[in-house]
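S.K.:
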Amino acid sequence: MSADTVISLNLATTRPQWGFAEAVDGCLRAGVTAISPWRDQIEAIGLDEAARIVRENKLRVTGVCRGGMFPGVDAADRQKRIDDNLKAIDEAAALNADCLVLVVGGLPGSSKDLPGARQQVTDGIAAMLPHAKASGVKIAIEPLHPMYAADRACVNTVDQALDICEMLGETVGVALDVYHIWWDPNLANAIARAGRMKRIFAHHICDWLVPTKDMLLDRGMMGDGVIDLKGIRRMIEDAGFHGPQEVEIFSQDNWWKRPGDEVLQVIKERVAAVC
Numbered sequence: 091m092s093a094d095t096v097i098s099l100n101l102a103t104t105r106p107q108w109g110f111a112e113a114v115d116g117c118l119r120a121g122v123t124a125i126s127p128w129r130d131q132i133e134a135i136g137l138d139e140a141a142r143i144v145r146e147n148k149l150r151v152t153g154v155c156r157g158g159m160f161p162g163v164d165a166a167d168r169q170k171r172i173d174d175n176l177k178a179i180d181e182a183a184a185l186n187a188d189c190l191v192l193v194v195g196g197l198p199g200s201s202k203d204l205p206g207a208r209q210q211v212t213d214g215i216a217a218m219l220p221h222a223k224a225s226g227v228k229i230a231i232e233p234l235h236p237m238y239a240a241d242r243a244c245v246n247t248v249d250q251a252l253d254i255c256e257m258l259g260e261t262v263g264v265a266l267d268v269y270h271i272w273w274d275p276n277l278a279n280a281i282a283r284a285g286r287m288k289r290i291f292a293h294h295i296c297d298w299l300v301p302t303k304d305m306l307l308d309r310g311m312m313g314d315g316v317i318d319l320k321g322i323r324r325m326i327e328d329a330g331f332h333g334p335q336e337v338e339i340f341s342q343d344n345w346w347k348r349p350g351d352e353v354l355q356v357i358k359e360r361v362a363a364v365c
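Be aware that the sequence shown starts at 91, since it is given in this note's numbering, and climbs by one per residue.
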């Protein structure tokens, strides 16, 4: 299988180098025909123009990043966040995206109630679900590494995400980002469970550097770190998901400083060699 048939470029990977249209042009030069844009990148070019570019270039949109951030300090705050997620559903629908990816949010305000935050996440997804179903948009919960439990995502394992999926129904699944899940001692069982439930909606790849200088902005290119990328891919494919591997690299001191075309060329080489 050639690399360009299995790669999706998450547009965060070339965020400083390229806007939406430039990233699409770069992908097409490299033979990559799947992308995953962020909502601010869509907003910058305009939803109608983004949808036109996707449609005319016959691109697959493997996800829209991101919805979520549900926990709020009060009912009004929580409703504001739900309203923003309803807008995100409309954006994902306009791009015919495979899913809307959720980074669910952490502890609101000065709260120390982690179970309560997780309940707010479940309630928030439930509130957006009727609009998602009506719009034909699947919702993908992305569990984040526990280091983000307080501020970004109180759902930190695949099993925690799947527990929510079981409560809310088949429209809700998971986005499996190796950066966030590679460490989990129950990962193989959790991925197999997700496969049995048919809830794997996305597969994100990068690598975990040792040492990591910044937990958010120092992700590694595949092959430069310690994640067993081939092993996790086998688990995911054995579980029934054969969609593109979506490359999502935040790298302020390395890959964000290189020309976008160079970054894409290295991605293709590494996917073929180590993924």
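Think of the CB as a built atom: it goes at the ideal place given N, C-alpha and C, for glycine as much as any other residue.
Could you say if the segment 305 to 312 and the segment 277 to 293 meet the contact criterion of at least three C-beta pairs nearer than 8 Å?
M.R.: Not touching, per the Cβ criterion.
S.K.: Using only the alpha-carbon positions, how far apart do T104 and I357 sit?
M.R.: Approximately 11 Å between the Cα atoms of the pair.
S.K.: Buried or exposed: where does A113 fall if 16 or more other Cβ atoms within 10 Å of its Cβ makes it buried?
M.R.: Buried: at least 16 other Cβ atoms inside 10 Å.
S.K.: Compare the C-beta of D203 against all C-beta atoms of chain B and say whether one is closer than 8 Å.
M.R.: Absent here is chain B; the protein component of the structure consists of one chain.
S.K.: Determine contact between the segment 196 to 206 and the segment 177 to 186, defined as no fewer than three beta-carbon pairs at a distance below 8 Å.
M.R.: No, the segment 196 to 206 is not in contact with the segment 177 to 186.
S.K.: Should the segment 126 to 136 be called in touch with the segment 207 to 219, which here means at least 3 C-beta pairs below 8 Å?
M.R.: Contact between the segment 126 to 136 and the segment 207 to 219 is absent, because fewer than three Cβ pairs lie under 8 Å.
S.K.: Assuming R289 is part of the alpha helix (DSSP H), what are its boundary residues?
M.R.: Careful: R289 lies outside any alpha helix (DSSP H) and carries neither H nor E.
S.K.: For S92, which of helix, strand or coil comes out of DSSP?
M.R.: Its pLDDT being 40, under 50, S92 is placed unreliably in this model, and the value from its coordinates should be taken loosely. Correct three-state label for S92: coil.
S.K.: How many angstroms separate the CA atom of G263 from the CA atom of A251?
M.R.: Their Cα atoms are separated by approximately 8 Å.
S.K.: Can you tell me whether R105 is helix, strand or coil according to DSSP?
M.R.: Three-state result, R105: coil.
S.K.: Are there 16 or more other CB atoms within 10 angstroms of the CB of N279, so buried, or fewer, so exposed?
M.R.: Exposed.
S.K.: Judging by CA-CA distance, which residue of A284, A165, G206 and G109 is the nearest neighbour of E232?
M.R.: The candidate whose alpha carbon is nearest that of E232 is A284.
S.K.: Can you check DSSP and say which residues form a bridge with L266?
M.R.: L266 is bridged to H293.
S.K.: Do the CB positions of K223 and T261 come within less than 8 Å of each other?
M.R.: It is a contact, given that the beta carbons lie within the stated cut-off.
S.K.: Taking all protein chains shown into account, do 16 or more other C-beta atoms lie within 10 angstroms of the C-beta of R145, making it buried, or fewer, making it exposed?
M.R.: With fewer than 16 Cβ atoms within 10 Å of its Cβ, R145 is classed as exposed.
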